[in-house]
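Written below as structure tokens is the structure these notes are about.
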Amino acid sequence: MNSQRNILIVISGPSGVGKGTIVNRLMGGNNNMVLSVSCTTRQPREGEQDGVSYFFVKKERFMQMIERGELLEYSAHFDNYYGTPKSFVEDKLKRSDVLLEIEVDGALQVKKSHPEAVLIMLLPPSEGELERRLKNRGTESEEKIAQRVSRVKYELSRAGEYDYRVVNDDLDVAVQQIKDIIRKEKEIKI
Ligand code: 5GP
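Count along the sequence shown from 1, add 1040, and you get the number used in my numbering.
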């Protein structure tokens, strides 16, 4: 007999790989999955709403959350802090699946505290192409671009530590592969 468990799914992937689109597709129409809203010290971008995209907090408040153990994981990324509120995730997990879209250092912290979490890394069809795209954005300084490219290389170097790696070549195929992984991971074989 098979029954189901609620799972904590963590999706990461280098900048430009299409994480946002994939997460939107996974969330659309899925009433049994909640997307965690992270806290960050970075400034909101145009169109981002507090409490929806992120909880935008001051650095002092972020430090307080770390001290009080209120974060499931956190990391400093391009001069800003990002972290996942622990109570929100643990509370939602009682009733549904929870999806985190976070970078690699945070994801690997989650795996340590929640070994049953399912880590999925999105990969570009070609690393060279992704780097070319980042370099051709045209709006950023050389230094910023170099930072991003080295971050892409770093994130990809940790892919082996993830439970699954999914290549985002064809969007529909990648989304289906992730849905299949989730379905399989939810099954508890008794
Ligand atoms: P952005 O500033 O572009 O929204 O996000 C930058 C990076 O921070 C992305 O790679 C995103 O996955 C990551 N990120 C967003 N929220 C969290 C979080 O709560 N924890 C960690 N570790 N990374 C996060």
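Backbone N, C-alpha and C define an ideal beta-carbon position, used for all residues, glycine too.
For residue 1117, which beta-bridge partners are listed by DSSP?
To locate residue 1117, count along the sequence shown from 1; it is residue 77. DSSP output for residue 1117 lists 1120 as bridge partner(s).
Taking 7 Å as the cut-off, does the CB of residue 1194 come closer than this to any heavy atom belonging to the ligand 5GP?
One-based indexing of the sequence shown puts residue 1194 at position 154. Residue 1194: no, Cβ never under 7 Å from the ligand 5GP.
Pop quiz: residue 1120 and residue 1081 are said to be a contact at Cβ under 8 Å. What is the actual Cβ separation, rounded to whole angstroms?
The residue you call residue 1120 lines up with position 80 of the sequence shown. The residue you call residue 1081 lines up with position 41 of the sequence shown. Indeed they touch by this definition, with Cβ atoms about 5 Å apart.
Taking the beta strand (DSSP E) that residue 1171 falls in, what are its first and last residues?
As a working mapping, residue 1171 is identified with position 131 in the sequence shown. Note, residue 1171: premise wrong, no beta strand (DSSP E); alpha helix (DSSP H) at 1167-1175.
Three-way DSSP call (helix, strand, coil) for residue 1101 in this model:
Translated into positions along the sequence shown, residue 1101 becomes position 61. In the three-state scheme derived from DSSP, where H, G and I count as helix and E and B as strand, residue 1101 is classed as helix.
Determine the DSSP secondary structure at residue 1205, reduced to helix, strand or coil.
Translated into the one-based positions of the sequence shown, residue 1205 becomes position 165. Residue 1205 falls in the strand class under three-state DSSP.
Per DSSP, cross-strand counterpart(s) of residue 1092
As a first step, residue 1092 is located in the sequence shown; it is residue number 52 there, counting from the start. In the DSSP output, where bridge partners are listed per residue, residue 1092 has none listed.
Taking the C-alpha atoms as reference points, what is the distance between residue 1141 and residue 1123?
On the sequence shown, position 101 is the one that residue 1141 refers to. On the sequence shown, position 83 is the one that residue 1123 refers to. Between residue 1141 and residue 1123, the C-alpha separation is close to 11 Å.
Please return the same chain residues whose Cβ sits closer than 8 Å to the Cβ of residue 1158, not counting the five positions on each side in sequence.
Within the sequence shown, the letter at position 118 stands for residue 1158. Within the same chain, residue 1158 has close Cβ partners 1047, 1048, 1049, 1050, 1203, 1204, 1221, 1222 and 1225.
Looking only at its chain, what residues have a beta carbon closer than 7 Å to the beta carbon of residue 1115, apart from the 5 residues adjacent to it on each side?
Start at 1 with the first residue of the sequence shown, and residue 1115 comes out as number 75. Same-chain partners within the cutoff: 1122, 1143, 1145 and 1146.
Within 8 Å (strictly less), CB to CB, does residue 1069 reach chain C?
The displayed structure is made up of one protein chain only, and chain C is not part of it.
Less than 7 Å separating the Cβ of residue 1154 from some heavy atom of the ligand 5GP?
Your numbering for residue 1154 matches position 114 in the sequence shown. False, no ligand heavy atom lies under 7 Å from that Cβ.
What's the C-alpha gap between residue 1160 and residue 1085?
On the sequence shown, position 120 is the one that residue 1160 refers to. On the sequence shown, position 45 is the one that residue 1085 refers to. Each residue's alpha carbon lies about 26 Å from the other.
Buried or exposed (CB count within 10 angstroms, at least 16 for buried), residue 1173
Stepping through the sequence shown from its first residue, residue 1173 is reached at position 133. Here residue 1173 is exposed: its Cβ has fewer than 16 other Cβ atoms, across all protein chains shown, within 10 Å.
Under the three-state reduction of DSSP, which class applies to residue 1185: helix, strand or coil?
Here residue 1185 refers to the residue found at position 145 of the sequence shown. For residue 1185, the three-state secondary structure derived from DSSP is helix.
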